[in-house]
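Protein chains in written order, with the UniProt record's numbering: chain Y, 1 to 372; chain E, 1 to 372.
This is how it looks when you write it as structure tokens:
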């Protein structure tokens, strides 16, 4: 029988770490202090990451071998999506033709999904996060920990709230983040890439590395949570700028300059409004690499390019090109602008402000590169 | 009559700076301490930058209004290129359809070109630099200063020599560098971009800013000469890696990861072998922006992609795709590898080493992303 201290949600304290070799010698192979993982969200990215998590828990003894996958239920050809996933081990709607591990257990009941979980991985569209967190109040093991894979930011004239803060403050649990140059389909196809995990607690970072790192999905852990998350939130504003350059056919010099200036404004924003943000974070996958990927392809870049070449508004193009789905880049540009405007700081962020002016104030796209 | 101290090649010392307002009051409008600029090289990039320099000297009183442009003479349709440039104000061979300022004086005699010059801007293909420097020994005003716009590095098992060091040591003059995301044709077309000047001496940096900065070509000056130059030298190795990813069709995640890892190895190389190199330099145009531009288009990326898709060697492709011209990326990969191998340090630069192995040791392109 293991000392009680080791049982609390698998948290290995420094004291218990000293006991570890001794315990391993005497205990049976089934360890008692295991992490139980629940993935909240099963869209394209949620399904891709569930493949990695499902496989990785089998490799490390500290994880329970069963992983819960919360599915926002829908009916696919007369069958429930959760049942299809459990039967065929494939998310036929959001990640077709990718085999998922059979130890992933899809579940349509949110509260049932998180019961007993010690690790919650949030991978939902950001607009659903508040509602999901509200539904989870008092349902989560208070000593569980979370990791947010959500990209975006909740800003307004009143202030900024990172999604990791939303989770952390609503549920009262420590929340880390994961962000990088990670197009879901390419990750699911096991093409080499990198990602960045931001975690304040070393033991959490070490555990998350085991949960996410593979030969083809290389994890770097940093302790700068806000830096990692803000990169993923603001890159889409920069991608709107990059798409405008593409539409104007200004070439590679100009596009690289806009991306660089966007990265500088991202760094400035992060370091101005959050403490503990480090320059080094922006050299990680969450920073420069994700920006490159987002500005090379991606819907924000694509719609912005079409805005220039067709003269149609972003709203019209969202309807035509995205079935009415909203762009993250234009939303982020608006929220960040309102936050900065309320503080008389828009002049310090000329690129973000120009993107806002072009999207929301009908300024000519060519103004993007004027007086930068 | 101005104090002698002010006359030396236009160098404004801190002592002379204090006198400046007084002198201006009493001196006539034609200032005596003027900089005389000579551009050494008139290829594509040399011609594009000569347009900027020719126009900028007219805007600032410290420059003589005539700018010399050294031309490696050749005959174009029965006429000397230098004469064509002076008659038509266009470099019909290397930058056709771009109007050059009429105050640029093309000259085919190297020693004649540099006579009286206080500022030498070197823009020649790197393989010609040594010969040109040798021809200039004892021909240059010993108090002149130079700026190198040459991208590349001279490395071997014996050591590294930056081109700025070559100029500086051969001619005994202080040498700054200019490097950035600057495709010549786009600069000549006045599309917005940025560049970075590395200069150890503040007065030189201030002067170079006046000589190069325009509304569409934005200059940032840093004091990290080696950092700026090494970015421009090593980016082509990374572009070979990016081209291999394109050829393998691994997608945007992988390409961004390779670019990021390449940037990290560049930073490591610069900080390991040169003192005074700063992380911030790599966020400038010479760093991340030039890397983005080079890996988006460019011949190094293109030939490497063709190596994967056709299976042909780089040498064969250089003949087929570049009329036998040599790639800078493969040459840099070889020189850097030999330098690192002589120091038993190749394992610390896995990407550079993998590029070398693929180009020179027939390793499979797919090995690029293994165990990175």
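Think of the CB as a built atom: it goes at the ideal place given N, C-alpha and C, for glycine as much as any other residue.
Note that this is a predicted model, so its numbers are computed, not measured.
Residue i versus residue j: straight-line alpha-carbon distance, rounded
{"i": "residue 236 of chain Y", "j": "residue 305 of chain Y", "result": "13 Å"}
{"i": "residue 157 of chain E", "j": "residue 256 of chain Y", "result": "34 Å"}
{"i": "residue 198 of chain Y", "j": "residue 103 of chain E", "result": "56 Å"}
{"i": "residue 127 of chain Y", "j": "residue 92 of chain Y", "result": "23 Å"}
{"i": "residue 213 of chain E", "j": "residue 76 of chain Y", "result": "60 Å"}
{"i": "residue 56 of chain E", "j": "residue 168 of chain E", "result": "25 Å"}
{"i": "residue 44 of chain E", "j": "residue 166 of chain E", "result": "23 Å"}
{"i": "residue 85 of chain E", "j": "residue 69 of chain E", "result": "10 Å"}
{"i": "residue 51 of chain Y", "j": "residue 90 of chain Y", "result": "10 Å"}
{"i": "residue 105 of chain E", "j": "residue 292 of chain E", "result": "35 Å"}
{"i": "residue 309 of chain Y", "j": "residue 244 of chain Y", "result": "9 Å"}
{"i": "residue 228 of chain E", "j": "residue 111 of chain Y", "result": "55 Å"}
{"i": "residue 31 of chain Y", "j": "residue 67 of chain Y", "result": "With a pLDDT of 47 at residue 31 of chain Y, under the threshold of 50, the modelled position of that residue is not reliable, and no figure is offered here."}
{"i": "residue 230 of chain E", "j": "residue 266 of chain E", "result": "7 Å"}
{"i": "residue 215 of chain E", "j": "residue 371 of chain Y", "result": "7 Å"}
{"i": "residue 143 of chain Y", "j": "residue 290 of chain Y", "result": "32 Å"}
{"i": "residue 218 of chain Y", "j": "residue 188 of chain Y", "result": "14 Å"}
{"i": "residue 327 of chain Y", "j": "residue 242 of chain Y", "result": "15 Å"}
{"i": "residue 262 of chain E", "j": "residue 134 of chain Y", "result": "44 Å"}
Residue-chain proximity (residue i, chain E), Cβ-Cβ < 8 Å
{"i": "residue 352 of chain Y", "result": "no"}
{"i": "residue 181 of chain Y", "result": "yes"}
{"i": "residue 293 of chain Y", "result": "yes"}
{"i": "residue 196 of chain Y", "result": "no"}
{"i": "residue 91 of chain Y", "result": "no"}
{"i": "residue 285 of chain Y", "result": "yes"}
{"i": "residue 170 of chain Y", "result": "no"}
{"i": "residue 256 of chain Y", "result": "yes"}
Among the options, nearest to residue i - alpha-carbon criterion
{"i": "residue 270 of chain E", "options": "E:109, E:340 and E:110", "result": "E:340"}
{"i": "residue 58 of chain E", "options": "E:181, E:349 and E:37", "result": "E:37"}
{"i": "residue 192 of chain Y", "options": "Y:90, Y:285 and Y:328", "result": "Y:285"}
{"i": "residue 145 of chain E", "options": "E:65, E:64, E:164 and E:130", "result": "E:164"}
{"i": "residue 159 of chain Y", "options": "Y:134, Y:360, Y:372 and Y:342", "result": "Y:342"}
{"i": "residue 207 of chain E", "options": "E:177, E:182, E:355 and E:264", "result": "E:177"}
{"i": "residue 74 of chain E", "options": "E:63, E:64 and E:41", "result": "E:41"}
{"i": "residue 322 of chain Y", "options": "Y:226, Y:301 and Y:273", "result": "Y:301"}
{"i": "residue 170 of chain E", "options": "E:54, E:130 and E:253", "result": "E:130"}
{"i": "residue 172 of chain E", "options": "E:344, E:337, E:141 and E:148", "result": "E:141"}
{"i": "residue 254 of chain E", "options": "Y:181, Y:149 and Y:174", "result": "Y:181"}
Any chain Y beta carbon closer than 8 Å to residue i
{"i": "residue 323 of chain E", "result": "no"}
{"i": "residue 348 of chain E", "result": "no"}
{"i": "residue 128 of chain E", "result": "no"}
{"i": "residue 309 of chain E", "result": "no"}
{"i": "residue 148 of chain E", "result": "no"}
{"i": "residue 260 of chain E", "result": "yes"}
{"i": "residue 174 of chain E", "result": "no"}
{"i": "residue 193 of chain E", "result": "yes"}
{"i": "residue 369 of chain E", "result": "yes"}
{"i": "residue 190 of chain E", "result": "no"}
Assigned exposure category for residue i - 16 Cβ within 10 Å defines buried
{"i": "residue 280 of chain Y", "result": "exposed"}
{"i": "residue 60 of chain Y", "result": "exposed"}
{"i": "residue 152 of chain Y", "result": "buried"}
{"i": "residue 347 of chain E", "result": "exposed"}
{"i": "residue 123 of chain E", "result": "buried"}
{"i": "residue 355 of chain E", "result": "buried"}
{"i": "residue 330 of chain E", "result": "buried"}
{"i": "residue 138 of chain Y", "result": "exposed"}
{"i": "residue 359 of chain E", "result": "buried"}
{"i": "residue 246 of chain E", "result": "buried"}
Extent of the continuous beta strand (DSSP E) run through residue i
{"i": "residue 38 of chain Y", "result": "37-40"}
{"i": "residue 329 of chain E", "result": "Counting along the chain, residue 329 of chain E falls outside any beta strand (DSSP E), though it belongs to the alpha helix (DSSP H) covering 328-341."}
{"i": "residue 196 of chain Y", "result": "193-198"}
{"i": "residue 121 of chain E", "result": "119-122"}
{"i": "residue 242 of chain Y", "result": "No beta strand (DSSP E) holds residue 242 of chain Y; the alpha helix (DSSP H) holding it covers 225-248."}
Terminal residues of the alpha helix (DSSP H) in which residue i lies
{"i": "residue 282 of chain Y", "result": "Here residue 282 of chain Y belongs to no alpha helix (DSSP H), and DSSP marks it neither H nor E."}
{"i": "residue 172 of chain Y", "result": "No alpha helix (DSSP H) contains residue 172 of chain Y, which DSSP labels as neither H nor E."}
{"i": "residue 154 of chain E", "result": "First-last for residue 154 of chain E: 154-156, but that is the beta strand (DSSP E), not the alpha helix (DSSP H)."}
{"i": "residue 52 of chain E", "result": "44-57"}
{"i": "residue 106 of chain Y", "result": "Residue 106 of chain Y -> not in any alpha helix (DSSP H); beta strand (DSSP E) instead, spanning 104-107."}
{"i": "residue 309 of chain E", "result": "299-310"}
{"i": "residue 376 of chain Y", "result": "Look at the range of chain Y in this structure, 1 to 372, and you will see that residue 376 of chain Y is not part of it."}
Any non-hydrogen atom of the ligand ZN within 7 Å of residue i CB
{"i": "residue 339 of chain E", "result": "Inclusion of the ligand ZN in the displayed structure is not the case, the ligand content being empty and no account of it being possible."}
Quiz item: At a Cβ cut of 8 Å, what residues of the segment 31-45 of chain E count as close to chain C, listed as they run along the chain?
Solution: The displayed structure is made up of protein chains Y and E, and chain C is not among them.
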